[in-house]
């Protein structure tokens with residue numbers, strides 16, 4: 001039997017969750033700092049406030065979103081009243097990643113709860129302090145048969161995926177996303193996969209390069225580059241490359257000082273394994289800026305790399321860290337050769353004062369979402385869908401779309417009995433000629 005909740009109960013539950021998160025703000029901030037030295041500002045902006053805003057918007061709109069939606073009937077249905085009813089799928093599994101462990105555990109769960117589902121949240125084992133506060137908040141807000149947190153590592157995830165779910169929401173790597181999709185396919189379970197990719201960032205010769213440098217440094221080094229939509233590599237027009245690199249260096253120092261290791265605003269790599277992976281990418285590369293590392297606290301300095309080879313480690317896979325390769329281009333064909341060497345990315349960015357060029361580039365390539373003259377801010381508007389395409393993901397969420405993806409949209413036709421048009425019934429006789437004339441006139 002599917003666990004069902006009415007809209008009033010869902011709203012009360014979400015209000016209770018909102019109060020709990022607000023009451024535990026200091027603990028959440030401390031947990032994020034303990035996991036990877038995330039500053040209080042970043043923790044509030046990208047995690048706590050994001051979830052609070054999402055909750056407030058959902059609470060405000062849930063009655064409207066959940067209401068049956070009346071649509072116009074078709075000719076064959078006339079006379080009738082036609083509705084779309086939104087019903088919960090049932091048991092939903094949310095598998096959260098480690099890079100934004102609070103936000104990306106709660107935001108999908110909020111939507112699933114709003115849609116009336118039972119929810120199990122599996123937080124990342126790589127951020128244990130944040131995982132503990134998630135357990136605490138959910139434990140004091142919900143009954144276990146409504147929303148539950150299950151902690152654990154790979155074995156726990158495998159056990160969860162071996163069970164039958166009505167819907168699975170996964171955020172993480174492409175490799176693990178394939179495992180999730182395969183497990184879901186066994187029971188034909190619908191999935192949303194929020195993955196990643198190598199996100200290009202193009203800076204042409206008309207760009208405001210000082211402002212571009214500032215916005216790119218913010219987008220790339222926020223959370224020490226551990227963001228799925230961060231610029232992964234830069235494609236800079238040859239004419240401006242030298243000056244642009246100088247601006248990048250200036251902006252890094254303005255943001256994080258000459259020694260980012262001492263900056264209170266610069267986080268750390270999540271664990272030793274990922275730190276080692278990133279350090280391997282630096283070997284043999286031409287480092288223009290940065291490059292310092294420290295194993296004692298998983299520190300990697302914001303680093304600029306010049307013209308890495310396409311088969312190098314840093315250009316092979318998504319970087320997911322504070323390393324930024326810079327490549328020169330001269331023609332649109334140069335751009336095409338590099339960008340099409342990879343799967344469709346989750347993010348895509350163009351800096352240019354040439355609107356025609358920027359819009360052409362945005363139209364010519366397939367990607368999840370992007371910006372002209374900024375980075376990552378497509379994520380901040382909950383009226384915009386957020387999701388990938390191809391290897392960068394399946395499906396999209398945010399705002400109303402989040403509620404909709406966790407709801408089965410059930411079509412209901414309420415047919416009138418006061419009139420019954422005989423045209424559709426056999427025997428058909430000469431009806432075909434008449435129906436063709438009628439439909440030709442009506443359509």
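In full-length UniProt numbering, the protein residues as written are 1 to 443. Beta carbons: idealized from backbone N, C-alpha and C, even for Gly.
Of the listed residues the options, nearest to residue i (C-alpha basis)
i: residue 252; options: 235, 273, 222 and 226; result: 222
i: residue 31; options: 15, 321, 327 and 126; result: 126
i: residue 408; options: 114, 418 and 28; result: 114
i: residue 85; options: 95, 68 and 100; result: 68
i: residue 324; options: 232, 150 and 395; result: 232
i: residue 71; options: 421, 435, 414 and 433; result: 414
i: residue 378; options: 429, 121, 219 and 274; result: 219
i: residue 123; options: 366, 152 and 159; result: 152
i: residue 392; options: 334, 49, 170 and 337; result: 170
i: residue 453; options: 142, 372, 258 and 132; result: Residue 453 lies beyond the range of the chain shown here (1 to 443); nothing can be said about it.
i: residue 280; options: 167, 314 and 342; result: 314
i: residue 328; options: 235, 50 and 441; result: 235
i: residue 260; options: 243, 213 and 294; result: 294
i: residue 53; options: 155, 335, 111 and 35; result: 111
i: residue 307; options: 272, 270, 301 and 242; result: 242
i: residue 284; options: 296, 309 and 82; result: 309
i: residue 196; options: 425, 176, 257 and 202; result: 176
i: residue 300; options: 76, 336, 256 and 376; result: 256
i: residue 50; options: 28, 33 and 362; result: 28
Backbone CA spacing between residue i and residue j [nearest angstrom]
i: residue 332; j: residue 239; result: 14 Å
i: residue 11; j: residue 37; result: 34 Å
i: residue 15; j: residue 106; result: 14 Å
i: residue 1; j: residue 118; result: Low per-residue confidence applies at residue 1: pLDDT is 36, beneath 50, and the placement is therefore not dependable enough to give any value.
i: residue 245; j: residue 211; result: 13 Å
i: residue 199; j: residue 182; result: 25 Å
i: residue 42; j: residue 265; result: 8 Å
i: residue 439; j: residue 410; result: 27 Å
i: residue 227; j: residue 99; result: 7 Å
i: residue 268; j: residue 96; result: 19 Å
i: residue 367; j: residue 348; result: 7 Å
i: residue 357; j: residue 374; result: 16 Å
i: residue 44; j: residue 140; result: 22 Å
i: residue 146; j: residue 194; result: 24 Å
i: residue 91; j: residue 401; result: 19 Å
i: residue 433; j: residue 79; result: 22 Å
i: residue 381; j: residue 74; result: 35 Å
i: residue 291; j: residue 305; result: 9 Å
i: residue 372; j: residue 416; result: 52 Å
i: residue 216; j: residue 168; result: 33 Å
i: residue 162; j: residue 247; result: 51 Å
i: residue 445; j: residue 103; result: No statement about residue 445 is possible, as the shown extent of the chain runs from 1 to 443 and does not include it.
i: residue 18; j: residue 40; result: 19 Å
i: residue 288; j: residue 148; result: 48 Å
i: residue 174; j: residue 57; result: 30 Å
i: residue 88; j: residue 441; result: 41 Å
i: residue 340; j: residue 365; result: 9 Å
DSSP three-state assignment for residue i, whether helix, strand or coil
i: residue 201; result: strand
i: residue 324; result: strand
i: residue 123; result: coil
i: residue 346; result: coil
i: residue 444; result: Here the chain covers residues 1 to 443 and nothing more, so residue 444 does not appear.
i: residue 80; result: strand
i: residue 194; result: strand
i: residue 286; result: strand
i: residue 137; result: helix
i: residue 93; result: strand
i: residue 359; result: helix
i: residue 87; result: strand
i: residue 337; result: helix
i: residue 106; result: helix
i: residue 155; result: helix
i: residue 143; result: coil
i: residue 4; result: coil
i: residue 332; result: helix
i: residue 150; result: coil
i: residue 435; result: helix
i: residue 414; result: strand
Cβ-Cβ separation, residue j to residue i (assumed contact under 8 Å), whole Å
i: residue 396; j: residue 406; result: With a Cβ gap of about 13 Å, residue 396 and residue 406 do not count as contacting.
i: residue 398; j: residue 419; result: With 8 Å as the limit, residue 398 and residue 419 do not qualify as a contact, their Cβ atoms being about 44 Å apart.
i: residue 65; j: residue 403; result: 5 Å
i: residue 423; j: residue 431; result: 6 Å
i: residue 137; j: residue 21; result: 6 Å
i: residue 360; j: residue 389; result: Not a contact, Cβ separation roughly 19 Å.
i: residue 130; j: residue 204; result: Actually they do not touch by this definition, with Cβ atoms about 40 Å apart.
i: residue 394; j: residue 179; result: About 14 Å separates the two Cβ atoms, so there is no contact after all.
Could you name each continuous beta strand (DSSP E) segment of 3 residues or more that falls completely within the stretch 363-411, going from the start of the chain to the end?
369-372
Quick check on the DSSP output: what are the complete alpha helix (DSSP H) runs of length 4 or more inside the stretch 198-273, in order along the chain?
209-221 and 241-256
In chain order, which alpha helix (DSSP H) runs of at least 4 residues are fully inside the stretch 15-73?
25-36, 40-43 and 49-66
Suppose only complete runs of 4+ residues qualify. What are the alpha helix (DSSP H) ranges in the stretch 291-321, listed by chain order?
313-316
Can you list, in chain order, the stretches of the alpha helix (DSSP H) that have 4 or more residues and sit fully within the stretch 158-192?
174-185
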